[in-house]
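Single-structure report; data block below.
4 protein chains.
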Amino acid sequence: MKVDYNELKQVAIDLLAQRGVTLEDIAKITLEIQTQYYDDITLEYCLEHVNHVLSKREVINAVLTGINLDMMAEQGHIKEPLRSILMNDYSLYGIDEVLAYSIINVYGSIGLTNYGYVDKLKVGILKDINDKSKNHERCNTFLDDIVGAIAAAAAGRIAHTK
Amino acid sequence: MKVDYNELKQVAIDLLAQRGVTLEDIAKITLEIQTQYYDDITLEYCLEHVNHVLSKREVINAVLTGINLDMMAEQGHIKEPLRSILMNDYSLYGIDEVLAYSIINVYGSIGLTNYGYVDKLKVGILKDINDKSKNHERCNTFLDDIVGAIAAAAAGRIAHTK
Amino acid sequence: MKVDYNELKQVAIDLLAQRGVTLEDIAKITLEIQTQYYDDITLEYCLEHVNHVLSKREVINAVLTGINLDMMAEQGHIKEPLRSILMNDYSLYGIDEVLAYSIINVYGSIGLTNYGYVDKLKVGILKDINDKSKNHERCNTFLDDIVGAIAAAAAGRIAHTK
Amino acid sequence: MKVDYNELKQVAIDLLAQRGVTLEDIAKITLEIQTQYYDDITLEYCLEHVNHVLSKREVINAVLTGINLDMMAEQGHIKEPLRSILMNDYSLYGIDEVLAYSIINVYGSIGLTNYGYVDKLKVGILKDINDKSKNHERCNTFLDDIVGAIAAAAAGRIAHTK
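Here the protein sequences line up with chains A, B, C and D, keeping their order. First residue of the first sequence? That's 65 in this note's numbering, and the numbers climb one at a time after it. First residue of the second sequence? That's 65 in this note's numbering, and the numbers climb one at a time after it. First residue of the third sequence? That's 65 in this note's numbering, and the numbers climb one at a time after it. First residue of the fourth sequence? That's 65 in this note's numbering, and the numbers climb one at a time after it.
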């Protein structure tokens with residue numbers, strides 16, 4: 065089997081957009097993490113790093129898998145009781161964090177604390193994602209962790225570069 | 065939301081059975097790992113430990129999620145290109161190993177080498193699972209890693225107990 | 065070799081005390097994480113869960129290893145350049161977060177966000193630990209991550225129980 | 065603090081050499097893993113990939129930390145009871161596998177099964193390392209896992225490239 069990860073990257077970006085998240089939304093979270101460390105950091109610079117994170121195979125695979133799970137839960141293709149667990153973003157489920165961790169790890173463990181921080185404080189678009197999920201309009205069990213993890217990994221990549 | 069993990073354990077066991085794997089099949093893999101260390105070990109003893117592994121929330125969640133992904137790929141509910149990646153058990157996908165790792169970790173990192181070993185040598189029922197997957201009769205991308213990981217975790221639990 | 069992990073737990077508690085951290089200090093961090101979710105939670109209750117976390121083999125091993133590394137860096141037994149990396153808590157080192165992750169994982173991945181949160185905001189005694197480290201009075205490269213991880217794991221354990 | 069990871073890479077290579085392991089020894093393990101998949105693979109090719117793995121910050125940090133722990137256990141600088149745990153390569157210690165996992169993860173989770181396989185079968189120089197450790201001539205608790213993990217990560221990198 066031959067898989068072209070340049071094409072798959074675009075699929076991942078399209079899936080995120082379909083779920084209401086642009087790369088700029090993610091870069092804004094990265095910016096908010098990093099402004100406390102670097103005064104002169106710009107959104108463009110963060111966006112560039114988000115783009116690099118999204119070029120990584122592990123990240124693309126995690127995005128495709130997580131968002132597909134969210135969508136199939138919404139559409140009712142996932143069997144009960146897993147469907148209800150996902151629709152309610154059940155706090156002891158934990159597989160969403162497992163996928164997030166595989167994203168964070170791409171630039172080493174220094175992304176770990178950034179992830180926890182943005183997830184807990186629901187920085188930027190994470191608040192919207194979470195609100196929609198709480199109103200049961202959408203199943204965003206994986207989406208919020210994926211978005212937070214990409215933003216945190218991009219912050220980690222910036223720390224590696226600076 | 066209230067989730068009863070005793071019920072969910074039974075759902076996980078039923079899903080494994082539906083995919084052709086009994087707890088005894090898993091215990092046989094554990095037995096093969098452990099006979100080189102302990103002469104007097106029995107299948108019953110291994111089965112007991114497999115049962116304990118399957119009582120853990122993280123394990124149950126990983127089983128439900130992985131097997132649902134396999135089944136939805138077969139049924140065509142998962143969108144392309146992820147569907148083809150799963151149907152072909154594409155070697156660079158890696159999310160199956162990520163889920164496996166979350167199972168192994170339940171009894172600490174000592175299960176890690178056992179998992180790699182049984183996965184590589186396709187011990188016991190892992191050979192059947194893999195063959196069916198190769199013939200494209202079934203999508204077992206997650207199933208083989210899940211079964212290997214439970215067997216390895218059970219071996220780790222035995223090492224902790226002895 | 066026979067290792068008694070009840071004795072080792074006491075060694076770990078003594079090492080933490082020697083580095084200026086009591087179990088009550090850790091429980092206070094757990095309390096601060098959890099008061100936003102449960103009104104009626106007490107310090108005693110958190111302390112009980114911290115105690116359970118510290119009974120786990122993986123946690124004890126991580127505590128012994130991390131604190132020994134901090135101490136040997138201070139005492140000059142660790143060779144350069146690793147010694148300087150540890151003495152300066154170099155942000156790209158990352159092995160401290162790796163050990164922290166092995167602690168958090170003991171109660172599943174739900175501890176992950178709590179860890180990032182307390183680490184970033186330097187909740188409770190984490191501020192003191194970090195200040196001492198910044199003044200180069202002490203090498204606390206591992207200590208702060210270990211303490212944050214135990215507090216986060218205890219919060220995860222409470223979430224599992226409630 | 066400024067750290068030059070090109071220099072640190074050389075320090076890591078020197079430390080491995082000091083403990084009796086050359087990069088060629090590691091490449092031989094990678095070769096043995098990969099010959100079953102690719103007929104025409106050469107030692108030079110594997111060596112090149114081992115070299116790339118050793119350029120990664122996370123890998124260098126894990127090598128420096130693990131080998132320092134082995135050496136300080138031998139020299140008696142590590143306090144009891146941790147010293148005895150390391151000198152005896154106590155099977156429930158697990159922190160050696162935790163460090164190994166951070167190495168493997170650098171090229172995604174596909175290195176995981178290779179690591180378990182070579183660790184279990186003690187491929188190539190892993191047998192020597194293990195024998196010396198069993199005779200208590202040396203403390204190689206971390207060394208064997210580090211070497212196996214680098215070899216497995218290199219195999220993972222080859223799979224990504226091919």
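Virtual Cβ for every residue (Gly too), placed ideally from N, Cα, C.
Is residue i buried or exposed, if buried means 16 or more other CB atoms sit within 10 Å of its CB?
i, result
"methionine 135 (chain A)", "buried"
"glutamate 201 (chain A)", "exposed"
"aspartate 208 (chain D)", "buried"
"aspartate 160 (chain B)", "buried"
"aspartate 78 (chain A)", "exposed"
I'd like to check one pair, residue j with residue i: are the Cβ atoms closer than 9 Å?
i, j, result
"tyrosine 69 (chain B)", "arginine 147 (chain B)", "no"
"alanine 126 (chain A)", "valine 162 (chain B)", "yes"
"aspartate 195 (chain B)", "tyrosine 181 (chain D)", "no"
"valine 67 (chain D)", "isoleucine 149 (chain C)", "yes"
"tyrosine 171 (chain A)", "valine 117 (chain A)", "yes"
"glycine 158 (chain C)", "phenylalanine 206 (chain C)", "no"
"alanine 213 (chain D)", "isoleucine 97 (chain D)", "no"
"arginine 221 (chain C)", "histidine 113 (chain C)", "yes"
"leucine 80 (chain D)", "leucine 72 (chain D)", "no"
"alanine 164 (chain A)", "isoleucine 210 (chain A)", "yes"
"isoleucine 174 (chain A)", "valine 85 (chain A)", "no"
"alanine 223 (chain C)", "tyrosine 109 (chain C)", "no"
"asparagine 199 (chain C)", "arginine 83 (chain C)", "no"
"asparagine 128 (chain D)", "proline 145 (chain C)", "According to the sequence provided, residue 128 (chain D) is leucine. The question's asparagine does not apply to it. A contact, by the Cβ cut-off of 9 Å."
"leucine 133 (chain C)", "leucine 133 (chain D)", "yes"
Locate the alpha helix (DSSP H) running through residue i, then write down its first and last residues.
i, result
"glutamine 82 (chain B)", "69-82"
"cysteine 203 (chain C)", "Segment: none, cysteine 203 (chain C) is in no alpha helix (DSSP H) and carries neither H nor E."
"leucine 133 (chain B)", "121-139"
"lysine 66 (chain D)", "That residue, lysine 66 (chain D), is in no alpha helix (DSSP H); it is neither H nor E in DSSP."
"glycine 175 (chain D)", "175-185"
"glutamine 98 (chain B)", "87-98"
"asparagine 152 (chain A)", "Segment: none, asparagine 152 (chain A) is in no alpha helix (DSSP H) and carries neither H nor E."
"tyrosine 109 (chain D)", "107-117"
"aspartate 160 (chain D)", "159-168"
Could one say the Cβ of residue i lies closer than 9 Å to chain F's Cβ atoms, at least one of them?
i, result
"leucine 163 (chain D)", "Looking at the structure shown, chain F is missing, and the protein chains on hand are A, B, C and D."
What is the C-beta distance between residue i and residue j, in whole angstroms, given that I count them as a contact (C-beta under 8 Å)?
i, j, result
"valine 187 (chain B)", "isoleucine 93 (chain B)", "5 Å"
"leucine 176 (chain A)", "isoleucine 168 (chain A)", "6 Å"
Compute the minimum distance between the beta carbon of residue i and the heavy atoms of the ligand ATP, and state whether it is under 8 Å.
i, result
"leucine 80 (chain C)", "Looking at this structure, you won't find the ligand ATP or any other ligand, since it has none at all."
* Asked: Does the segment 148-168 of chain C come within contact of the segment 93-110 of chain C, defined as at least 3 CB pairs closer than 8 Å?
  -> Segments in contact, no.
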